[in-house]
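Visitor: Below is the structure I would like to discuss, written out as structure tokens.
2 protein chains.
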Amino acid sequence: VNEAIFIDRLRQIATHPAARGLLDDAAVLDGGGAALVLTHDMLVEGVHFLPDDGAADVAWKLVAVNMSDLAAKGAVPLGVLIGAGLVRGGNWAAAFADGLAAALAHFGAPLLGGDTVAMPAGSAVTLGLTAIGAAPASGAPARSGARAGDDLWVSGSIGDAGLGLALRQAGNAGPTALIDAYLRPQPDLALGRALAPLVSAMADVSDGLLIDAQRIAAASGVAMVLALDAVPLSAAWRAVRGDGLDDRIAAATMGDDYRLLFTIAPDHADAIADAGERFGAAMTRIGTCQSGGGLSLTYMGQTQALPAQLGFVHGQ
Amino acid sequence: VNEAIFIDRLRQIATHPAARGLLDDAAVLDGGGAALVLTHDMLVEGVHFLPDDGAADVAWKLVAVNMSDLAAKGAVPLGVLIGAGLVRGGNWAAAFADGLAAALAHFGAPLLGGDTVAMPAGSAVTLGLTAIGAAPASGAPARSGARAGDDLWVSGSIGDAGLGLALRQAGNAGPTALIDAYLRPQPDLALGRALAPLVSAMADVSDGLLIDAQRIAAASGVAMVLALDAVPLSAAWRAVRGDGLDDRIAAATMGDDYRLLFTIAPDHADAIADAGERFGAAMTRIGTCQSGGGLSLTYMGQTQALPAQLGFVHGQ
Chain A
1 VNEAIFIDRL RQIATHPAAR GLLDDAAVLD GGGAALVLTH DMLVEGVHFL
51 PDDGAADVAW KLVAVNMSDL AAKGAVPLGV LIGAGLVRGG NWAAAFADGL
101 AAALAHFGAP LLGGDTVAMP AGSAVTLGLT AIGAAPASGA PARSGARAGD
151 DLWVSGSIGD AGLGLALRQA GNAGPTALID AYLRPQPDLA LGRALAPLVS
201 AMADVSDGLL IDAQRIAAAS GVAMVLALDA VPLSAAWRAV RGDGLDDRIA
251 AATMGDDYRL LFTIAPDHAD AIADAGERFG AAMTRIGTCQ SGGGLSLTYM
301 GQTQALPAQL GFVHGQ
Chain B
317 VNEAIFIDRL RQIATHPAAR GLLDDAAVLD GGGAALVLTH DMLVEGVHFL
367 PDDGAADVAW KLVAVNMSDL AAKGAVPLGV LIGAGLVRGG NWAAAFADGL
417 AAALAHFGAP LLGGDTVAMP AGSAVTLGLT AIGAAPASGA PARSGARAGD
467 DLWVSGSIGD AGLGLALRQA GNAGPTALID AYLRPQPDLA LGRALAPLVS
517 AMADVSDGLL IDAQRIAAAS GVAMVLALDA VPLSAAWRAV RGDGLDDRIA
567 AATMGDDYRL LFTIAPDHAD AIADAGERFG AAMTRIGTCQ SGGGLSLTYM
617 GQTQALPAQL GFVHGQ
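So the sequence lines, in the order shown, correspond to chains A and B. Mind the numbering: the first sequence is residues 1 to 316 in the working numbering, read in order. Mind the numbering: the second sequence is residues 317 to 632 in the working numbering, read in order.
Okay, here's the thing in structure tokens:
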């Protein structure tokens, strides 16, 4: 790894005045007085991405997973700091930096600072990103705000990224829609901002639809009833896997979706449909909140047992 | 590594309301309207710390190196996010979490969020910390503010941590003052806040006194003349190494000092001495800024050649 070349590339990216050219001890940012939304997610080779995933795809994903957290809080990105533990020689670091620049430009998130380390031999590429956003004036939605009587909704389709990963691990290059869902998740910051004032609770689907729904239920102190037959599946998923009960449970436990999962009072349903139309996002009602606790599942009106694994269980 | 136990410990630490109990997608922090100071520094086993350094010492250092950046900008800590790539089994993660709690309490920095990953076999322990601070009302001092005619000052003593590391690598357990300077650096946030309104430029000494002085000179567009005989050496350093020219060059290029290096107009000298007395910190005038560029060295009034290495050169 040539750290100096990588850091020079980061300096070219870090044009926002708050970055101070990456020449100071710290970034100095005018937050504009809004409450701050702060998140830090890591991507580690062999844990979160495959060794042969492209450097630019890895950079995209590093940015996207953190932007997904901002989207779930309705935040506007103010900037990011990167922690880059690099291993590979050759062109990897430069390609990663180029991919980082493209992803940050896409999401409108300036690079403000960070740290770069050439990792010891044998280590995995280890990447961290801190994203800072401005909370919406209406407040950043919490996971804990769902109330009995609210409906549970999700944006987009579920399972595509997990199936794309499984196909990629099996050596397949397609279908592109599934592989891209894994390599290039598309969190929707504008949709998150539009939804934030309407929802009672919101989170992103990162570890699996069922586990993330269960976490909203637990944080909010409500029972959640989720209709598996309502879980939105893409045409590509249906073509590869089908849409039976087992397929739906698989889709709802795979994770890496980076969709928005939220609860609303039923009288906001029209506003949700409007937001979906405005931002070109499918919006699907998949469940309801009731008094009580825990997650339960139905399929075609029949109660179903919870699967042993609701999703990936790891760090926040 | 038992991630679940580690994350439970982090939840016990993260009592600030902005952390949302580490149960949400992101922290939501009221920044109070001040400009934000943002920094992210990594510590990697085998690069920044030795495999047999204690877990609590590593946690201290992770927090301290980031607090040192905040101190150099005169900032008040608002909180931190941690990226913990853990490897060791046994008690390491729990001892690290306990050390983290103690260090954060010492510096008054709440844990707001982060991410935890069990690293693949063979990887080094890889830690990142993002620190967020509130800039002083007078503005966060930059590295670029030094002007011809200003004096260059440094707080504390220089070289102790580097010598402590060298002793530790040679298998020595003492002198404690040097080993502790390496294991437990003591950035001084209160001193940084007191100095911020007085200085024209300020940085922390992290990579070596000479390289950090050179960076201030380059960022400010001034020439810096540094008197090696004025570089403050501790009694422990003098006892182990002596205070000849070679010893002074060694001390000034070792790094890991986490002292404050700053420039002031000469008529602020009394205020600097007062601040040093108030916070129990030695304050030493070690050089001057002149028109021109570059760093030059003197010893007992004679110009000296720059050493080949001014300090550690790596990421920001």
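Glycine included, every Cβ here is placed at the ideal spot set by N, Cα and C.
If G603(B) sits next to L514(B), beta carbons under 8 angstroms apart, how far is it from one beta carbon to the other, in whole angstroms?
Guide: The pair is not a contact, with the Cβ atoms about 17 angstroms apart (cut-off 8 angstroms).
Visitor: Who are the neighbours of G508(B) on chain A, taking C-beta pairs under 7 angstroms?
Guide: Within chain A, no residue comes near G508(B); the closest Cβ sits about 10 angstroms away, beyond 7 angstroms.
Visitor: Does the Cβ-Cβ distance between L386(B) and L511(B) come in under 8 angstroms?
Guide: No; because the gap between Cβ atoms is not below 8 angstroms, this pair is not in contact.
Visitor: I'd like to know whether the C-beta of T331(B) is nearer than 8 angstroms to at least one C-beta of chain A.
Guide: no
Visitor: Let's see if you can read the secondary structure: which residues bound the beta strand (DSSP E) around Y280(B)?
Guide: Nothing can be reported for residue 280(B), as the shown portion of chain B is limited to 317 through 632.
Visitor: At a Cβ cut of 7 angstroms, what residues of the stretch 39–55 of chain A count as close to chain B, listed as they run along the chain?
Guide: T39, H40, D41, M42, V44, G46 and V47
Visitor: Between the stretch 570–585 of chain B and the stretch 525–543 of chain B, do three or more beta carbon pairs fall short of 8 angstroms?
Guide: yes
Visitor: Give the interface partners of K61(A) over in chain B, defined as CB-CB distance under 9 angstroms, in chain order.
Guide: The premise fails here: K61(A) is roughly 14 angstroms from chain B at the closest Cβ pair, so nothing lies under 9 angstroms.
Visitor: Would you grab the beta carbon distance between V240(A) and L178(A) for me? Rounded to a whole angstrom, and I think it's under 8 angstroms.
Guide: With 8 angstroms as the limit, V240(A) and L178(A) qualify as a contact, their Cβ atoms being about 7 angstroms apart.
Visitor: Where does I602(B) fall in DSSP's three states?
Guide: strand
Visitor: Which residues of chain B have a Cβ atom closer than 8 angstroms to the Cβ of A140(A), listed in chain order?
Guide: Per Cβ cutoff of 8 angstroms: A342 and V344.
Visitor: Tell me the DSSP secondary structure of D369(B) in three-state form.
Guide: coil
Visitor: At a threshold of 7 angstroms, does W376(B) count as lining the ligand GTP (C-beta to nearest heavy atom)?
Guide: Ligands displayed in this structure: none; no statement on the ligand GTP is therefore possible.
Visitor: Might you give, ordered along the chain, the residues of its own chain that have their beta carbon closer than 6 angstroms to the beta carbon of D373(B), omitting 5 neighbours on each side?
Guide: The answer, listed in chain order, is L499.
Visitor: What does W120(A) reach in chain B if we use C-beta pairs closer than 9 angstroms?
Guide: Note that residue 120(A) is Pro in the sequence shown, not Trp. Within chain B, the residues placing a beta-carbon under 9 angstroms from that of P120(A) are V360, E361, G362, V363, S439 and A440, ordered along the chain.
Visitor: Quick check on this structure: which residue in G32(A), M224(A) and L127(A) has the alpha carbon closest to the alpha carbon of H48(A)?
Guide: L127(A)
Visitor: Going by beta-carbon coordinates alone, are L29(A) and L78(A) separated by less than 8 angstroms?
Guide: Yes, Cβ-Cβ distance for L29(A) and L78(A) is below 8 angstroms.
Visitor: In chain A, what lies closer than 7 angstroms to T446(B) by C-beta?
Guide: H40, L81 and T130
Visitor: Within its chain, find whatever has a CB closer than 6 angstroms to the CB of N382(B); leave out the 5 residues flanking it on each side and keep chain order.
Guide: Non-local beta-carbon contacts of N382(B) in its own chain, meaning distances under 6 angstroms to residues more than five positions away in sequence, involve T355, D357, L445 and A447 in chain order.
Visitor: Compute the Euclidean distance between the alpha carbons of A75(A) and R215(A), then round it to the nearest angstrom.
Guide: Rounded to the nearest angstrom, the two C-alpha atoms are 21 angstroms apart.
Visitor: For A18(A), which of A458(B), G337(B) and D466(B) has the nearest alpha-carbon?
Guide: A458(B)
Visitor: For D520(B), return the contacting residues in chain A, with the cut-off set at a CB-CB distance below 8 angstroms.
Guide: D25
Visitor: Skipping 5 residues on each side, what residues in its chain have a beta carbon closer than 7 angstroms to that of G108(A)?
Guide: P77
Visitor: Just the chain B side, please: which residues come within less than 9 angstroms of V37(A) by C-beta, in chain order?
Guide: Residues of chain B passing the Cβ test: D341, A342, A343, V344 and L345.
Visitor: Looking at the structure shown, is M570(B) part of a helix, part of a strand, or coil, going by DSSP?
Guide: Assignment of M570(B) by DSSP, reduced to helix, strand and coil, places it in the coil class.
Visitor: Are the CB atoms of A95(A) and A55(A) nearer to each other than 8 angstroms?
Guide: yes
Visitor: Starting from D69(A), find everything on chain B with Cβ-Cβ shorter than 8 angstroms and list it in chain order.
Guide: Chain B residues near D69(A): D341 and A342.
Visitor: Distance check for V44(A) and D89(A), CA to CA, integer angstroms please.
Guide: Sequence inspection shows Gly at residue 89(A); the Asp mentioned does not correspond to that position. The alpha-carbon atoms of G89(A) and V44(A) are separated by roughly 17 angstroms.
Visitor: Whose Cβ in chain B lies nearer than 7 angstroms to the Cβ of A135(A)?
Guide: V344
Visitor: Check each residue of the stretch 456–484 of chain B: if its Cβ is closer than 7 angstroms to any Cβ of chain A, include it; give the result in chain order.
Guide: A456, A458 and R459
Visitor: For the stretch 205–252 of chain A, list the beta strand (DSSP E) runs that are entirely contained and at least 3 residues long, ordered along the chain.
Guide: 223–227
Visitor: The alpha helix (DSSP H) spanning F107(A) covers which residue range?
Guide: W92 to F107
Visitor: On the criterion of 16 or more Cβ atoms from any shown chain inside 10 Å, does T253(A) qualify as buried, or is it exposed?
Guide: In the assembly as shown, T253(A) is a buried residue. Its beta-carbon has 16 or more other beta-carbons within 10 Å.
Visitor: Hey, L245(A) and V205(A): beta-carbon distance below 8 angstroms or not?
Guide: In terms of Cβ geometry, L245(A) and V205(A) do not form a close pair [threshold 8 angstroms].
Visitor: Using a threshold of 8 angstroms, state whether the C-beta atoms of A342(B) and K73(A) are closer than that.
Guide: yes
Visitor: Could you spell out where the alpha helix (DSSP H) holding Q502(B) opens and where it closes?
Guide: Premise fails: Q502(B) is in no alpha helix (DSSP H) and is neither H nor E.
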